[in-house]
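Under this note's numbering, think of the first position of the sequence shown as 2, with each following residue one higher. A short write-up of the structure that comes next.
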Amino acid sequence: MLVFPLNWEWEEQILTEKIAVEVAEAHWAKTRNLMWISLGIWVVFSFFIHMFVTVLNGVVIAGFPLGFYMAAQGSLIVFVIQIFWFSHRQNQIDEEFNVAED
């Protein structure tokens, strides 16, 4: 049976054995900022775009109302692009701090 401790000190010890504490904190700061940016993009395209769908329907692109397009496909396209962007950016951060995987 696998038992996890209530505190995560073991994870911190493993990380600090490989890199300095200052480097780990800087890495986490950049990773945290990337997470908040991604969460903001997700909120905008999940909620705010759909809240204003009737207003956006006044704009017509290629014969389709913009609100309909964003609700049907636009948000999904943004989410797929966001996944690849997040992965690429996180890999850059990991390489910057020499913690990248092979």
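We treat Cβ as the ideally placed atom computed from N, Cα and C, and that holds for glycine.
8 Å Cβ cutoff met for residue i and residue j
i	j	result
H28	I94	yes
V54	G68	yes
I20	Q83	no
F87	S39	yes
V24	F98	yes
Simplified DSSP assignment, three categories, for residue i
i	result
F5	Here F5 scores only 49 on pLDDT, less than 50, and its place in the model should not be relied on; the value that follows carries that caveat. In this structure, F5 counts as coil in the three-state DSSP scheme.
I94	helix
F65	strand
V60	coil
V100	coil
F53	coil
A21	coil
Alpha carbon of residue i to alpha carbon of residue j, nearest angstrom
i	j	result
L35	V81	16 Å
M71	A63	13 Å
V61	Q74	15 Å
V22	A101	17 Å
beta-carbon residue i near the ligand SAH non-hydrogen atom, thresh 7 Å
i	result
E23	Absent from the structure shown: the ligand SAH. Ligands present: none.
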